Structure formats: structure tokens, C-alpha cells
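Here the protein sequences come in this chain order: A and B. Letter by letter, the first sequence follows residues 112 to 239 of my numbering. Letter by letter, the second sequence follows residues 1244 to 1416 of my numbering. Glycine included, each C-beta is placed from N, C-alpha and C at the ideal position. All values reported here derive from a predicted model rather than from experimental measurement.
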Amino acid sequence: MTRDDIFSKIRTVLVDALAVDDDDVTMESVLTTDLGAESIDFLDIVFKLEQEFGIKIDQGELFPDNVAQDPRYVQNGLVTAEGLATLRARMPHVNLDEFEKDPQITKIGTLFTVDTLVSFVEAKLRAK
Amino acid sequence: MRWMWIDRIIELTPRQRLVAVKNVSMAEEHLHDHFGARGDRGAMPVMPACLIIEGMAQSAGILVGHAGGFAEKVILAKVSRAELHEDAVPGQTLRYTATVQNLDAAGAATAGVVELMDSGGPGGARVIGAIDLMFSHVDKNMAGTEFPEHNFVFSETFKTLLRTSGVEMPEGM
């Protein structure tokens, strides 16, 4: 499956899960700020991706889990070096380069774009 | 008996499917205001759509709760879809069929079909809508927020409903 095919299916998933229009979903769209995703929507998206692509996504595999609550990873609202290393290791599909310059935990949601999802699914399908 | 919007569970296939019924009755006080008479027409008692959604949420919520032995606090987190094409009036019975689409440690997604049965009509049940829902296992999703230890979701009222419907209770409940 090409990236374009994956994108097209992911767009359908997001239109369904977030009640947005086809045209709203581009590779650069941020799930939270552009498409209005809230916390429960992330679980919805995980479920729908599993169904659409026939893959199994563990909790915390696509979106970070238990990072914000761990004092080793977050101090004074900023993700620590250890936290960034953990995110990098757990989520190779996420590009942390920009985030690293000002790693405010409240902005972590903005890391997840449609492109992130496409890369994630592409890697999962390759590993299948 | 408060805030119960199903009367009986008639079928439960663990982790897969639950069917429940709700009899709409003129004795329900809210029907007298929903909708009351106004200048140009008389009273029009119909089951509020939001309470039909609640009925489906209770049906699907019990199905999801049962899958985890009622240990999880199962909270309705999202109404993914709700379509209703016909009103339910006193004397009719609503039948909710909830099916698990996905279920994991964090929560569940369910699909639901709403049917209407009319004892005064031609018989059988007709589909009048669909309600798809998402549930969160709230202890696992609220960024470490702590909730009371006891399960405030599945209260005594729910237990009574399960017992009177003949649903086997998990150990410890």
C-alpha cells in the first residue's frame, strides 16, 4: 500500500471519527488544533485504524501514555531530556525536532499530524 | 429506582452483544411535558431522544462493564452517531441491541440498533435508528486523576436490574 493509499483511508477514518470535511484533512493537519480531536477521539482513532488496516495497536504505542504523569519525564511543565529520549524510542513515527526547542508538555498534542498517522500505519503494515 | 432507562436485559452474549427492552409508559412524568399541549395542538407525549440514547448507553455500558467483571468504571465518552427516524409513544416498547466493535484496556466502541415494537400494531419489531457509542475506562484515561475506589458507575440499581434479568453476576459483586 502506498502512502497515498494509506492517507486516503486515514482521511476517511478522521472524517468519521472527528466529523470534519474531507477537505479539512491534509497531511499537515494537526489532530488537536486543526481537526478538533479531544482525548477520547484518540482512542476512537486507534480503534478505527485497527479496523481499517487490520493491525493491532497497543495502548501507548501511537499516542504517548503515562509520560505526562512521570516526574522523570516532565518537570515544571517541560519534558526532560530523559522524557524526550523515551518519546523518541517509543514513538519513532513522531518528529520531535521542533518540539524539542520548547518542549512544553501542554503542546505535546500538536505533535500529532495526519502525516504522523500515515508514517505510523506505514511502519505497522511493513512489520506485519 | 432512579435513572434506569432500560427495564430488562433479554439477552447477553459476554463481550459481544446485549439486548435490552424499555417499555414507554404514560406514567412517566416527563412525557407530560415532552411535549405538552400548546395553543395550536394538544399534548404529544413521546419518549425523548436523549433518553433513548441514555437507554442505549446503559445497554452497551453494561455489556462493556460485564466484559471486565464490572471492575472498571465505564463512562460514556462519545456519541459517535445517533439517528432516530420515528418517535416512540406510550404503550410501545423500545428494543436496544448493542454490539461490541472494539474493546481494550482503555475503553470500548459499540454499535447499536434501536427497534420499536408496538403491541397494538402489526407485530414484530422495526428498526427506527442507530446509536454508536464510545466508552472510557475512566481510571485509565484521565491522566492520573484519582476517582473514588468504589465503582460508582455500577450501583445497586444496576445490580438489581442484572439480577431481575437473570444475568449471572461476577464473583465479588
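Classified as buried, Trp1248 (chain B) has 16 or more neighbouring CB atoms from the shown chains inside 10 Å of its CB.
Scanning the stretch 1256-1310 of chain B from its first residue to its last, the whole alpha helix (DSSP H) runs of 4-plus residues come out as 1292-1310.
Going by DSSP, Val229 (chain A) is part of the alpha helix (DSSP H) stretching over Val225 to Ala238. Here Thr1400 (chain B) carries a helix assignment [DSSP, helix/strand/coil]. Under the DSSP definition of a beta bridge, Asp1361 (chain B) partners with B:Gln1335. Within the model, the alpha-carbon separation for Ser1302 (chain B) versus Val126 (chain A) is close to 27 Å.
As computed with DSSP, Thr1340 (chain B) is found in a beta bridge with B:Val1262 and B:Val1356. Judged by DSSP in its simplified three-state form, Lys159 (chain A) adopts helix. Taking the C-beta atoms as reference points, Ala128 (chain A) is found nearer than 8 Å to Asp152 (chain A).
Among the residues facing chain B, Phe223 (chain A) is not included, as its CB has no counterpart in that chain under 8 Å away.
A contact between stretches requires three or more CB pairs, one per stretch, nearer than 8 Å, and the stretch 1334-1341 of chain B fails this requirement with the stretch 1278-1287 of chain B. Taking 8 Å as the cut-off, the beta carbon of Leu1376 (chain B) is found closer than this to the beta carbon of Val1322 (chain B). When DSSP states are grouped into helix, strand and coil, Gly194 (chain A) belongs to the helix group. DSSP, reduced to helix, strand and coil, places Ile168 (chain A) outside both helices and strands of the structure shown, so it counts as coil. Around the beta carbon of Ser1268 (chain B), a 10 Å sphere encloses fewer than 16 other beta carbons of the protein chains shown; the residue is thus reported as exposed. Three or more beta-carbon pairs drawn from the stretch 1292-1310 of chain B and the stretch 1255-1262 of chain B are found closer than 8 Å, and the two stretches are therefore classed as touching. Exposed is the label assigned to Met1287 (chain B), since fewer than 16 other Cβ atoms lie within 10 Å of its Cβ.
With a cutoff of 8 Å on beta-carbon distance, Phe118 (chain A) and Met138 (chain A) are scored as near each other. Apart from sequence neighbours up to five positions away, the residues of its chain that approach Met1299 (chain B) with a beta-carbon distance below 6 Å are Tyr1339, Gly1355 and Ile1374, ordered along the chain. The three-state reading of DSSP puts Phe174 (chain A) in coil, since its state is none of H, G, I, E or B. Closer than 8 Å at the C-beta level to chain A, one finds these residues of the stretch 1317-1334 of chain B: Ala1320, Lys1321 and Ser1323. Judged by DSSP in its simplified three-state form, Ser150 (chain A) adopts helix. Per DSSP, Ile117 (chain A) lies in no beta strand (DSSP E) segment; the continuous alpha helix (DSSP H) that holds it begins and ends at Arg114 to Leu129. Interface flag for Leu160 (chain A) against chain B is unset, since no Cβ pair is found closer than 8 Å.
Looking at the DSSP output, Ser1379 (chain B) sits in a beta bridge with B:Ile1318 and B:Gly1350.
At a cut-off of 8 Å between beta-carbon atoms, Asp1382 (chain B) makes no contact with chain A. Within the same chain, Val1267, Ser1268, Met1269, Leu1274 and Pro1288 come within 7 Å of Pro1333 (chain B) by CB-CB distance, once the 5 residues on both sides are set aside. Listed as beta-bridge partners of Ile1371 (chain B) by DSSP are no residues whatsoever. Going by DSSP, Asp208 (chain A) is part of the alpha helix (DSSP H) stretching over Asp208 to Lys212.
In this structure, Ala1292 (chain B) keeps its C-beta atom at 8 Å or more from the C-beta atom of Leu1346 (chain B). Two segments are said to touch when three or more pairs of C-beta atoms, one from each, lie closer than 8 Å; by this definition the stretch 170-188 of chain A touches the stretch 200-217 of chain A.
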